[in-house]
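Engineer: Each residue of the sequence shown is one higher than the one before, starting from 1005 at the first, in our numbering.
We put the beta carbon where it would ideally sit given N, CA and C, even for glycine.
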Amino acid sequence: MTKVIGLTGGIGSGKTLVANYIKSKGIPVYIADDEAKKIMEDLTVIQKVANIFGNEIITNHKIDRAKLAERVFNNSEALQKLNTLIHPLVKQNFDIWLKNHQKFPLVIKEAAILFESGSYKDCDTIITVTAPLETRLQRVIERDKTNRESVLSRMKNQWSEEQKIAKSHFVIHNISVEDTKNQVDNILDLLKNQQY
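1) Could you spell out where the beta strand (DSSP E) holding His-1177 opens and where it closes?
2) Pick helix, strand or coil for Thr-980, following the three-state DSSP scheme.
3) Apply the 10 Å Cβ neighbour rule to Gln-1084 and answer buried if 16 or more other Cβ atoms are within range, or exposed otherwise.
4) Comparing C-alpha positions only, which one of Asn-1197, Lys-1185, Leu-1194 sits nearest to Lys-1027?
5) Can you check whether the CB of Leu-1093 is closer than 9 Å to the CB of Val-1053?
6) Enumerated in chain order, which unbroken segments of the beta strand (DSSP E) with a length of 3 residues or greater are wholly contained in the segment 1060–1093?
7) Under 6 Å Cβ to Cβ from Glu-1040, same chain only, skipping five residues before and after it: list those, please.
8) Tell me whether Ile-1100 sits in a helix, a strand or coil according to DSSP, three-state version.
9) Could you pull out every residue in the same chain whose Cβ sits closer than 6 Å to the Cβ of Ala-1222, ignoring the five residues on either side in sequence?
10) Quick check on DSSP: helix, strand or coil for Glu-1166?
11) Quick one, are the C-beta atoms of Thr-1139 and Glu-1165 less than 9 Å apart?
12) To the nearest angstrom, report how far apart Thr-1132 and Ile-1176 are at their CA atoms.
13) Should Ile-1009 and Ile-1117 be called a contact, given that it needs their Cβ atoms to be closer than 9 Å?
14) Taking only three categories from DSSP, how would you classify Glu-1045?
15) With which residues is Ile-1050 paired in a DSSP beta bridge?
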């Protein structure tokens, strides 16, 4: 039976680095955020989002992600409404993806909000990626061309690193790329040898 390994971490922690490295090892990786973006391109979903948040967040028959983010990241009730719509669709999408990858002994489900969405319950093992707060802030500011306040606001909508670590089987401290890869290799060895 295929083991589902949950991979999570706060914004800017280095989940993508870890996910890409694991993928380079031939292990299938499901990126929940990427799949959620694809789901939000579906016309039925676009209409449902417009019904909840208004037509002003639709531009050229697509969801204006910047306008939607502006609406939900500072409003926990609005974020909850969006998550209530999208999370079940992502779960359904993941279940189909998992059926198509049953020949693999283990697969990775990468999700920034693995705990917050409740999808950690579908995982056999959970890995959390951490990094110092200032490092995370700088990474996201540079990557998203945004400001510190915006990143801190987004972080408030996620569980703290401490909360994630408390529910995780493994923790990767992402300080340097080389060391992070070594930590991943050690964890993968344990998982492949079913020692965990």
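Structural biologist: Looking at the coordinates:
1) In the sequence shown, residue 1177 corresponds to position 173, counting from 1. Where His-1177 is concerned, the enclosing beta strand (DSSP E) stretches over 1174–1177.
2) For residue 980 there is no data in the structure shown, the boundaries of the chain being 1005 and 1200.
3) As a working note, residue 1084 is residue 80 in the sequence shown. Exposed, by the Cβ-count rule.
4) In the sequence shown, residue 1027 corresponds to position 23, counting from 1. Residue Lys-1185 is the option with its Cα nearest to Lys-1027.
5) Locating residue 1053 in the sequence shown gives position 49, counting from the first residue. Locating residue 1093 in the sequence shown gives position 89, counting from the first residue. For Val-1053 and Leu-1093, no; Cβs fall outside 9 Å.
6) none
7) Position 36 of the sequence shown, counted from the start, is the residue given in the question as residue 1040. Residue 1040 is actually Ala in this sequence, not Glu. Excluding sequence neighbours, Ala-1040 sits near Ile-1090, Val-1094.
8) Locating residue 1100 in the sequence shown gives position 96, where the first residue counts as 1. Three-state result, Ile-1100: helix.
9) No answer is possible for residue 1222: the residues shown for the chain start at 1005 and end at 1200.
10) Residue mapping note: residue 1166 aligns to position 162 of the sequence shown, counting from 1. Residue state, collapsed to three classes: helix.
11) For this step, residue 1139 is matched to residue 135 along the sequence shown. For this step, residue 1165 is matched to residue 161 along the sequence shown. No; because the gap between Cβ atoms is not below 9 Å, this pair is not in contact.
12) The sequence position of residue 1132 within the sequence shown is 128, counting from 1. The sequence position of residue 1176 within the sequence shown is 172, counting from 1. The alpha-carbon atoms of Thr-1132 and Ile-1176 are separated by roughly 6 Å.
13) Working through the sequence shown from its first residue, we reach residue 1009 at position 5. Working through the sequence shown from its first residue, we reach residue 1117 at position 113. Not in contact: Ile-1009 and Ile-1117 (Cβ atoms no closer than 9 Å).
14) The count along the sequence shown starts at 1 and reaches residue 1045 at position 41. Correct three-state label for Glu-1045: coil.
15) Here residue 1050 corresponds to residue number 46 of the sequence shown, with the count starting at 1. Answer is none; Ile-1050 lacks a bridge partner.
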